[in-house]
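When you number the sequence shown by this note's numbering, it's gap-free, plus one each residue, and the end is 1315.
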Amino acid sequence: MMWLGAKEPERGIPATELREKLFSVLRVLGSFKKVLIIPPDYTRVHSWAGYITEILWEFYGSKVGAILPALGTHEPMKPEEIRNMFGKVPSNLFYVHNWRKDTVTLGRIPEYKVKEISQGAVNYSWPVQVNKMLVEGNFDAIFSVGQVVPHEVAGMAGYNKNLFVGTGGSEAIHKSHFLGAAYGMERIMGKALNPVRELFRQAEIQYAGHLPVIYIQTVVGGKPNDPSPVKGLY
């Protein structure tokens, strides 16, 4: 279900309007007891996910139990990066995802299915892994905030890649990236329908449907000095 689909490719969506649109949707969603926010890290600072995270914190206040940047295998964010990207959000809410030891496996896509999805490019099973906070943290709302932008391994960044790679474990990250390389990154870049994305889709349908995930996605324009670079909000 889509609660919001706003697009202004020429004018853009000003910050105040973006805030109003999000607030209107959050009111419809109702109240939650404990909220987890999963934004991208500083490598996606221009996504406006930091501002959206700040809006979520402003709306839910003390109900925000944790903010878990989707690091994948990236280095933890520095304190100054957190301040620059997330503004007034308290630093004590931020947790570091350790892709080597902080994950749980929800299930496994079997070899034959991965081979079918990859059109024969690879032949191995794939674990559906997420940070254990998503499962053990007793959150009744998990906001995954990201940007729709071309990605060389997944075709397009954002959406459930935030979960299965951004908070995933070693095997899940490495095998999904290898799948993209083996299938051909030149065939994947900028395409929403591709084997890596299909792998994530199957993972969510089969093993992660019980997680209370709500996605917020931005589309950002590329012109320098644009006062309203957010062209789409979904």
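No residue lacks a Cβ here, since even glycine has one placed at the ideal position from N, Cα and C.
* How should Ser1172 be labelled, buried or exposed, when 16 other C-beta atoms within 10 angstroms of its C-beta is the threshold for buried? -> exposed
* Asked: Taking Ala1284 as the reference, which of Thr1186, Tyr1141, Glu1162 and Lys1182 has the closest Cα?
  -> Thr1186
* In its own chain, which residues sit with a C-beta less than 6 Å from the C-beta of Val1049, not counting the 5 before and 5 after it? -> Look at the range of the chain in this structure, 1082 to 1315, and you will see that residue 1049 is not part of it.
* To do: Could I get the ranges of all uninterrupted alpha helix (DSSP H) runs contained in the region 1082-1141, with 4 residues as the minimum, in chain order?
  => 1096-1110 and 1130-1141
* Name the two residues that bound the continuous beta strand (DSSP E) containing Gly1153. => Looking at the DSSP string, Gly1153 is not in any beta strand (DSSP E), and its letter there is neither H nor E.
* Asked: For His1232, which beta-bridge partners are listed by DSSP?
  -> Gly1236
* Asked: Terminal residues of the continuous alpha helix (DSSP H) containing Leu1215?
  -> Lys1213 to Glu1217
* Collapsed DSSP secondary structure at Pro1310 in the structure displayed -> coil
* To do: Please list, in chain order, all residues of the same chain as Leu1103 whose beta carbon is under 6 Å from its beta carbon, the five residues on each side excluded.
  => Ile1136
* Identity of the residue in Arg1092, Ser1105 and Ile1118 nearest Pro1293 by Cα -> Ile1118
* Could you tell me the boundaries of the beta strand (DSSP E) in which Gln1298 lies? => Val1294 to Val1301
* Asked: Taking the beta strand (DSSP E) that Gly1188 falls in, what are its first and last residues?
  -> Thr1184 to Ile1190
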